[in-house]
Amino acid sequence: MTIKGFKNHPYIPNSVPEVQKEMLEEIGLNSLEDLHEAIPDFLKLKNNMNLPKAIGSEYELRRHVEDILKKNKTCKDNLNFLGAGCWQHYVPAICDEINSRGEFLTAYGGESYNDFGRFQALFEYESLVGELVDMDVVNVPTMDWGQAAATSIRMASRITGRKEAVVPKAMDNEKFLIMKNYCSPDIQLIQVDYVKGTGQLDLVDLKNKVSEKTAAIYFENPSFLGFIEEDGQKISDLAHKYDAISIVGVDPISLGVLTPPSQYGADIICGDLQPLGIHMNYGGGQSGFVATRDEEKYVMEYPSRLFGIAPTSVEGEYGFGDVAFDRTSFGNLREQGKEYVGTQTALWGITAGVYLATMGPKGMEEIGQTIMQKSQYATERLNEIKSIKSPLFNSVNFKEFVVDFNETHKTVQEINKKLLEKGVFGGKDLSSDFPELGQCALYCVTEIHTKTDIDKLVAALEEVLKS
Amino acid sequence: MKRINRSAKIRNFHQAKWDEPIIFELSKKGERGILVPQAEESIVKAVGDGISNIPNQMRRKESPNLPEISQARVLRHYMRLSQETLGADVNIEIGQGTCTVKYSPKVNEMLARLPEMTELHPLQDEGTVQGILEIMYQTDRFMCEISGMNRFSFQSGGGSQAVMTMASIVRAYHDEREEAQQRDEVITTIYSHPSDAAAPAVMGYKIIYIHPDENGFPDFEAFKAAVSKRTAAFIVANPEDTGVYNPRVKEFTDLVHSVGGLCGYDQANANGLFGVTRAKEAGFDMCFFNLHKSFSTPHGCGGPAVGAVGVVTELEKYLPGPLVDYDNEKYFMNYENSNTPYNIGKVRIFNGVAPVVLKAYAWIMSMGAEGLYEVAKIAVLNNNYLFKKLMEIECIDAPYIRGKQRIEQARYTLEKLTEDTGITSGDVQRRMMDFGMHYWTSHHPYYIPEPMTLEPTETPSKEDLDEYVAAIKQIVKEAYESPEIIKTAPHRSVCHKLDETSLDEPSEWAISWRSYLKKTDPID
Chain U
2 MTIKGFKNHP YIPNSVPEVQ KEMLEEIGLN SLEDLHEAIP DFLKLKNNMN
52 LPKAIGSEYE LRRHVEDILK KNKTCKDNLN FLGAGCWQHY VPAICDEINS
102 RGEFLTAYGG ESYNDFGRFQ ALFEYESLVG ELVDMDVVNV PTMDWGQAAA
152 TSIRMASRIT GRKEAVVPKA MDNEKFLIMK NYCSPDIQLI QVDYVKGTGQ
202 LDLVDLKNKV SEKTAAIYFE NPSFLGFIEE DGQKISDLAH KYDAISIVGV
252 DPISLGVLTP PSQYGADIIC GDLQPLGIHM NYGGGQSGFV ATRDEEKYVM
302 EYPSRLFGIA PTSVEGEYGF GDVAFDRTSF GNLREQGKEY VGTQTALWGI
352 TAGVYLATMG PKGMEEIGQT IMQKSQYATE RLNEIKSIKS PLFNSVNFKE
402 FVVDFNETHK TVQEINKKLL EKGVFGGKDL SSDFPELGQC ALYCVTEIHT
452 KTDIDKLVAA LEEVLKS
Chain C
199 MKRINRSAKI RNFHQAKWDE PIIFELSKKG ERGILVPQAE ESIVKAVGDG
249 ISNIPNQMRR KESPNLPEIS QARVLRHYMR LSQETLGADV NIEIGQGTCT
299 VKYSPKVNEM LARLPEMTEL HPLQDEGTVQ GILEIMYQTD RFMCEISGMN
349 RFSFQSGGGS QAVMTMASIV RAYHDEREEA QQRDEVITTI YSHPSDAAAP
399 AVMGYKIIYI HPDENGFPDF EAFKAAVSKR TAAFIVANPE DTGVYNPRVK
449 EFTDLVHSVG GLCGYDQANA NGLFGVTRAK EAGFDMCFFN LHKSFSTPHG
499 CGGPAVGAVG VVTELEKYLP GPLVDYDNEK YFMNYENSNT PYNIGKVRIF
549 NGVAPVVLKA YAWIMSMGAE GLYEVAKIAV LNNNYLFKKL MEIECIDAPY
599 IRGKQRIEQA RYTLEKLTED TGITSGDVQR RMMDFGMHYW TSHHPYYIPE
649 PMTLEPTETP SKEDLDEYVA AIKQIVKEAY ESPEIIKTAP HRSVCHKLDE
699 TSLDEPSEWA ISWRSYLKKT DPID
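Sequence lines, in order, name chains U and C.
Each residue of the first sequence is one higher than the one before, starting from 2 at the first, in my numbering.
Each residue of the second sequence is one higher than the one before, starting from 199 at the first, in my numbering.
Next up, the structure:
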């Protein structure tokens, strides 16, 4: 076998042999083989790679991939109650319409002269999220909530010059692992317990763990386990008492009805944009944001790009550009800049902007209310099942809640398996991440669930538990 | 009728300019963009309004100050902004060197937007996601064949996060050997991506830069002097951003191994190497590919993306879990890694950006080994053709390896043009926009003065390349004859020359509309 190329490929115009010949002549070479003379022979492959043969046509490719994807069972065709960091909300058609536009989809790192619309759309996204969280500065999005929280902690550490951050024990373990890796080796994360009956952050334990060494207290509202953290102000006050920074992670879709953390002392707010018009995408829709007040000491610590509005040489014309670009690792300082920046999730930022502009204040209020009503209904109906306690914690929940199955004498794994047979995706099994809770699951109910859906869940669970 | 003369080589371009207000300026009290589902009456009857029980201090008192706009107007606004964006679907995107902006096939995008992809929750039972797991597993196998590595993780959401993942693996590896304290240096080169320095620095490493020798290769003597027992890793691109391939790369990796360090390969510049040479043979212990670059998935204004990190067998246990495996019957999530003591944990939530992996899979399946080889060959052919044509222009130069082939990109200098005419690379960059084109200067700092970095990839035609060269030639001509038109450019773009003074001034910068309103006085 020798190495062969693929002539006349539809994605490679110059794979036409006659054109190749003409171009080779122009650069004074005889064959394509001569193009890699810089690579020593001992590093060169001698045969074609061992990969499947190219599929012959676009039609066959489509059939091939569609046939594989058909093996998936979707949340559209089944009844899904999984949340835990990725949530099934309705995605307005306009969001997909805009993020499918080839101009946005295939733009990248241009200047505002050629990518003006990209700059304006991202500036508007920053501004819209800013209103939602009631803050003046929002970044061009980062990877996900975990990355946003980790960066928030690094920002706090640089601002305070301290190397400890206090975080809740009752948080997503995967998110904690992201933060732990990103904060290593210099910043230590200290976990604070929760109150047994309510799930609320244990203020006594918190007081014991906060000190002059604390850079930040990080907590979430709603918490990972779904309930509203009531003592936000007290927690922020405690952080400020020690000159530490209060960081709050938030689910932005709650902010039509819940107080934005800036109003109970948060200095940095972070969270995930996925609920705002982005499909779950098997976890590929996650997108993190960070927001602060417009104070130099905060702004200069962002590693992200920050798009600002500015005048141009023509009166009456908006322009956009990078604010304080040299603070980033793309500036002259490179690794002496703030952390690093690069490709993250900008298209989801634009999408979240479209979502918020479409929803408006009324839409955000109503969706918050609908989610609360439906999730409360689900909680109450589930609690009617004899061996189930729902919710486990005596606190007010937003869209997620812990369901206690301990008295059913069945494991969540067994229950979810049976539910699956009925076309129901049961809540996240908490037994390995929260062993102290025994057999509990985290259920998620949003605006997409109808009364019939919830009643179907209850009926399915009743049957499963009977058997 | 007389035949219309279309012989001009330069396009008479004008960008769409809509002069759109900022979205908040479109707000009209009472307008709605969408109606949202309400709880059914019976639910309301059972639980009430759902919000009265929110503790008072946690109940939002004033609605968020979002705009109120009818749906068609929101759509029109964003459609107009999209038209004011010069994505690769509409532009001959040759100018974004290091970014490998190639054609993103529409069929792959269509597949990634099927509900069998978009409507999957990442915590679904494995039995319900066999399709996407199969695609992730197979793509892992393909990546291994392409690189010679043994295992890939798709968690990293971009190239920079992939470098961070590699740096995390480096730390875990030395931690396990109880050498983490002693090994606190990462070596890279000035023409590797800035993230090859910045991401390891976040992980606590001191960065040592190797500068090029007179040929543009990383200076081996300087490298020898830098490598020591303090070396944790060598992280480098090859070819570097100059398009120069270091043929002695194996001597570099051997040297690092001889002192116990690891070698990480930044393969963001892999497009000219598919089927030609691999990370493994060059002695690397790990590498990453940008699926949104070399593997054709669209850049999305800067993500979502994937930096696929591959490692040799010895480093597999440090990869962030879970990994997808196959037991000859079904695909499954393997959490074995997550439970090993020195595993790095997680870098991105759940399992990475699966739709990007899906698009890359479809692209590889449309190429096969022969197609990938063709990609590499034509990417290099296009680059060297472009290089030849540009170097014929007197005031354009490119330092290093005179008379030899570059790989897939090149960094040029317009220093002579600047000396002759006062026109800088930044000026030319703005003027290119008047011809419907774009180019990128360079990472900072500008080690090559007045830089211009171009990477054509395999997807433009010869005519596209010729048109790009014709535009540059036209601008060079203008620089000598009528420089004012360049200095004041762009003229046919959405906006004119930006007044950047406020962007670095804390009392003036405005990173949101509300901040802008606070910092500026109303106009009567």
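We put the CB at the ideal spot given by N, CA and C, even for glycine.
For clarity, every value in this text was computed on a predicted model and none was experimentally measured.
Unbroken alpha helix (DSSP H) stretches of 4 residues or longer found wholly inside the region 171 to 256 of chain U: 174 to 184, 204 to 210 and 233 to 242, given in chain order. The continuous stretches of beta strand (DSSP E) do not include C297 of chain C, and DSSP gives it neither H nor E. Interface annotation, N580 of chain C: in contact with chain U, CB-CB separation under 8 Å. DSSP places D323 of chain U in the uninterrupted beta strand (DSSP E) bounded by Y319 to D323. Within a 10 Å sphere around the beta-carbon of P142 of chain U sit 16 or more other beta-carbons, which makes this residue buried. Less than 8 Å divides the Cβ of A360 of chain C from the Cβ of F486 of chain C. In its chain, beyond the 5 residues on either side, Y540 have a beta carbon closer than 7 Å to the beta carbon of D373 of chain C.
8 Å or more divides the Cβ of L357 of chain U from the Cβ of L256 of chain U. In this structure K54 of chain U is exposed. Its beta-carbon is surrounded by fewer than 16 other beta-carbon atoms within 10 angstroms. Listed in chain order, the non-local C-beta contacts of K457 of chain U below 8 Å within the same chain comprise L80 and V425, local neighbours out to five positions each way being set aside. The region 21 to 33 of chain U makes contact with the region 571 to 579 of chain C: 3 or more CB pairs, one atom from each, lie closer than 8 Å. At the C-beta level, E343 of chain C and M50 of chain U come within 8 Å of one another. Contact between V258 of chain U and E366 of chain U holds, since their C-beta atoms are separated by about 6 Å, short of 8 Å. The secondary-structure analysis by DSSP pairs P312 of chain U across a beta bridge with U:Y319. Excluding its 5 nearest sequence neighbours in each direction, G118 of chain U has no C-beta neighbour in its own chain below 6 Å. Put simply, the backbone Cα of D662 of chain C is about 42 Å away from that of Q328 of chain C. Distance from the Cα of D252 of chain U is smallest, within the candidate group U:E231, U:K47, U:G289 and U:I236, for U:G289. Assigned with DSSP and collapsed to three states, V168 of chain U falls in strand. When the five nearest sequence neighbours on each side are left out, the beta carbons in the same chain lying within less than 8 Å of the beta carbon of S468 of chain U are those of K419, in order along the chain. Around the Cβ of Y60 of chain U, a 10 Å sphere holds fewer than 16 other Cβ atoms; the residue is exposed. If the five residues before and after A687 of chain C are omitted, its C-beta is found closer than 8 Å to the C-beta atoms of D625, R628, R629, M631, D632 and K695, all from its own chain and listed in chain order.
Per DSSP, the continuous beta strand (DSSP E) segment holding T651 of chain C begins and ends at P649 to L652. The DSSP assignment places complete alpha helix (DSSP H) segments of no fewer than 4 residues inside the region 39 to 109 of chain U at 59 to 70, 94 to 100 and 103 to 106, in order along the chain.
Boundaries of the alpha helix (DSSP H) harbouring F340 of chain C: Q328 to S345, taken from the DSSP string. Here V315 of chain U is exposed: its Cβ has fewer than 16 other Cβ atoms, across all protein chains shown, within 10 Å. Beta bridge pairing from DSSP links I385 of chain C with C:I406 and C:F432.
DSSP places R609 of chain C inside the beta strand (DSSP E), whose first and last residues are A608 to T611.
Going by beta carbons, H90 of chain U and E422 of chain U fall outside the 8 Å limit. A distance below 8 Å between beta-carbons, with the five flanking residues on each side excluded, links N15 of chain U to the following residues of its chain, in chain order: Q21 and M24.
Listed by position along chain U, the residues whose Cβ is nearer than 8 Å to that of D247 of chain C are Q370 and Q374.
Of all C-beta pairs linking the region 156 to 172 of chain U to the region 239 to 252 of chain U, three or more are shorter than 8 Å, placing the two stretches in contact. At least 8 Å separates the CB of E606 of chain C from every CB of chain U.
About 7 Å separates the beta carbon of A466 of chain C from that of T296 of chain C, a gap short enough to meet the 8 Å contact definition.
When the five nearest sequence neighbours on each side are left out, the beta carbons in the same chain lying within less than 6 Å of the beta carbon of A365 of chain C are those of A397, P398 and M401, in order along the chain. Using a Cβ-Cβ cut-off of 8 Å, E316 of chain U does not count as an interface residue toward chain C, since no Cβ of chain C sits closer than that to its own.
Around the beta carbon of R204 of chain C, a 10 Å sphere encloses fewer than 16 other beta carbons of the protein chains shown; the residue is thus reported as exposed.
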